[in-house]
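Chemist:
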Amino acid sequence: MGTAQQQTWFITGAARGFGLEIARAALARGDAVVAAARDPQAVTRALGRARPKWASAAPIAPSACRSLTASSQNDAPAGAP
């Protein structure tokens with residue numbers, strides 16, 4: 001079996017709930033994570049000391065998420081959900 005290439009994840013809502021669990025799983029795989037949340041310090045607290053050096057927490061406003069969603073829907077191929 002070959003070795004998996006490291007991936008970089010940009011995860012919104014990473015301070016709690018599903019976003020936090022995705023961040024933890026990605027970090028456990030050895031992947032790089034940019035964990036975005038309204039309060040980046042909450043991400044740092046949630047991930048604790050186990051957070052590798054290359055994981056970073058970034059602030060993001062809820063309006064930015066709506067903008068990203070709208071943009072991705074505009075770029076979706078015809079017939080995509």
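Counted the way our numbering counts, the sequence shown spans residues 1 to 81. Glycine residues also receive a C-beta, built at the ideal position from the N, C-alpha and C atoms.
1. Name, in chain order, the residues that DSSP records as bridge partners for T8.
2. Write down the C-beta distance between A58 and P40 rounded to the nearest angstrom, noting that I regard them as a contact closer than 8 Å.
3. Run through DSSP, which three-state label would A46 get?
4. Between R38 and the ligand COA, is the CB less than 8 Å from at least one heavy atom?
5. Using the DSSP secondary-structure output, state which residues sit across from G59 in a beta bridge.
Modeler: The short version:
1. Counting from 1 along the sequence shown, the entry for residue 8 is found at position 8. Paired residue(s): A32.
2. Working through the sequence shown from its first residue, we reach residue 58 at position 58. Working through the sequence shown from its first residue, we reach residue 40 at position 40. So it is a contact: roughly 6 Å between Cβ atoms.
3. Residue numbering aside, residue 46 sits at position 46 when the sequence shown is read from its first letter. Residue state, collapsed to three classes: helix.
4. With respect to the ligand COA, the structure shown offers nothing to examine, as it has no ligands at all.
5. Within the sequence shown, the letter at position 59 stands for residue 59. A quick correction: the sequence has Pro, not Gly, at residue 59. Bridge partners of P59: A37.
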